[in-house]
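J.:
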Ligand SMILES: NC(=O)c1ccc[n+]([C@@H]2O[C@H](COP(=O)([O-])OP(=O)(O)OC[C@H]3O[C@@H](n4cnc5c(N)ncnc54)[C@H](O)[C@@H]3O)[C@@H](O)[C@H]2O)c1
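In the working numbering, the protein residues as written are 49 to 400.
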């Protein structure tokens, strides 16, 4: 298609606004409509982002023939129904993470996409960071050699978001910190390494801090304040061991809340080099001329990952680029998450 891609944003909460701001910086796209269940929020966001058309019912937005594509920015339980309806209405879809609540539902999204012939991009924004892109190039240049071990560490000392609301209600979120934040890093490491074949998992999830809600002590809360009469029935800590065939392994530790220091990085260890990603300080631990050496990579770190994400989406819709994070990859991440929750529930290693 020629001309700007006409975008509708469904869900005008925190991340819906982030998408609107990102599209505003991209010449290939224009946000022409917004949708939110909450009329007051919709009005406020329409004024803020200067968008004329608004819908409370997402099905009405999808029926608008002057919309080419949608960003789906609603709670996780609505990802699958809205994405499936969007494809049936002939729209391209940029779908926020996690893909949905389960791999079974993820497959239904892929089936709907295939029937429509439209594009699906996953909102895996960590890949779009300058550092992540640089590390990918280093890996492709063979700088780490064969990567055989991955460490994922994502610890928030007190970081449960929206306690009592949809984030902490399993029926709406599909789970806690694991599905909410670990999904970013699982996607990142599988993309960096190209290991889209997690095969076996042994894991354990815990729920220690969110309940009773009144007993949770914190300094700040994303999507807060807590809803004191709300629900907390999800994980706030998870750890596990994942095999990628017989070639590589991953250990992970992820917490929305935990009595430990805040830490957030992934570490990729290869037979030629190893490095941490996520600290903004890219150092390859390696050897140079038979000496143990640390190679520091200096790079520009000035692009906005959300702008990179939506620009690539618009370019793909225009037929000028590839989707940077595919639905198939989203489905692999969902299968891994399903297996982690299953392994924890049955206290055994499970096959994916
Ligand atoms: N990529 C990232 O870094 C990132 C960060 C935060 C959240 N997210 C994801 O984005 C999604 C939204 O998260 P959030 O933090 O913006 O949540 P939020 O609660 O701030 O916003 C969700 C909005 O969706 C609206 N909504 C709910 N059901 C709807 C429906 N049926 N039709 C229309 N609007 C509806 C709500 O009224 C609300 O305004 C989640 O899937 C979350 O995992 C991604």
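Heads up, the beta-carbon is just placed ideally off N, CA and C, and yes, glycines get one too. Please read all numbers here as calculations on a predicted model, not as lab measurements.
Answer yes or no: the CB of residue 271 versus the heavy atoms of ligand 1, is any distance below 8 Å?
T.: yes
J.: Could you tell me the alpha carbon to alpha carbon distance between residue 389 and residue 380, rounded to whole angstroms?
T.: 14 Å
J.: Flag residue 61 as yes when its Cβ comes closer than 8 Å to any non-hydrogen atom of ligand 1, and as no otherwise.
T.: If you check the C-beta of residue 61 against ligand 1, you find a heavy atom less than 8 Å away.
J.: Tell me whether residue 17 sits in a helix, a strand or coil according to DSSP, three-state version.
T.: The structure shown has nothing for residue 17, since the chain only spans 49 to 400.
J.: Which ranges would you report for the beta strand (DSSP E) in the region 253 to 317 if only whole runs of at least 3 residues count?
T.: Runs of the beta strand (DSSP E) inside the region 253 to 317: 285 to 292, 296 to 303.
J.: From which residue to which residue does the alpha helix (DSSP H) around residue 106 run?
T.: 106 to 110
J.: Just to confirm before moving on: does the CB-CB distance between residue 235 and residue 172 stay below 9 Å?
T.: Taking a C-beta distance under 9 Å as the contact criterion, residue 235 and residue 172 qualify as a contact pair.
J.: Could you tell me which residues DSSP pairs with residue 208 in its beta bridges?
T.: Paired residues: none, contrary to the question.
J.: Closer than 8 Å by C-beta to residue 138: which residues in its own chain qualify, once you throw out the five before and the five after it? Chain order, please.
T.: 164, 166
J.: Using the Cβ count rule (16 or more neighbours within 10 Å means buried), how would you classify residue 202?
T.: Its Cβ being crowded by 16 or more others within 10 Å, residue 202 is buried.
J.: According to DSSP, simplified to helix, strand and coil, what is residue 91?
T.: helix
J.: What do you reckon, is the C-beta of residue 108 under 8 Å from a heavy atom of ligand 1?
T.: no
J.: What does DSSP give as the partner residues of residue 359 in its beta bridges?
T.: Paired residue(s): none; residue 359 is not in a bridge.
J.: What do you reckon, are the CB atoms on residue 56 and residue 119 nearer than 9 Å?
T.: yes
J.: Within this structure, are the beta carbons of residue 320 and residue 335 separated by less than 9 Å?
T.: yes
J.: Which parts of the region 140 to 175 are runs of the beta strand (DSSP E), unbroken and 3 residues or longer, counting only runs that do not cross its ends?
T.: Segments of the beta strand (DSSP E) lying fully in the region 140 to 175: 140 to 144, 168 to 171.
J.: In angstroms, rounded to a whole number, what distance separates the CA positions of residue 271 and residue 66?
T.: 14 Å
J.: Assess contact between the region 287 to 295 and the region 305 to 322, defined as three or more Cβ pairs (one per stretch) separated by less than 8 Å. Is contact present?
T.: no
J.: For ligand 1, I want to know if residue 124 counts as a neighbour, meaning its beta carbon is within less than 8 Å of at least one of the ligand's heavy atoms.
T.: For residue 124, the Cβ falls inside the 8 Å cut-off from some heavy atom of ligand 1.
J.: Are there three or more Cβ pairs, one per stretch, closer than 8 Å when the region 382 to 397 is compared with the region 235 to 251?
T.: yes
J.: Taking a contact to mean a Cβ-Cβ separation below 9 Å, would you say residue 224 touches residue 318 in this structure?
T.: no
J.: Check whether the Cβ of residue 73 lies closer than 8 Å to any heavy atom of ligand 1, and answer yes or no.
T.: no
J.: Can residue 284 and residue 255 be called in contact, C-beta distance under 9 Å?
T.: yes
J.: Are the region 113 to 127 and the region 204 to 222 touching by the rule of at least three beta carbon pairs closer than 8 Å?
T.: yes
J.: Can you tell me which residues form a DSSP beta bridge with residue 197?
T.: For residue 197, which the question treats as bridged, DSSP gives the partners 297, 317.
J.: Between the C-alpha atoms of residue 326 and residue 179, what's the straight-line distance to the nearest angstrom?
T.: 8 Å
J.: Below 9 Å between beta carbons: does that hold for residue 222 and residue 148?
T.: yes
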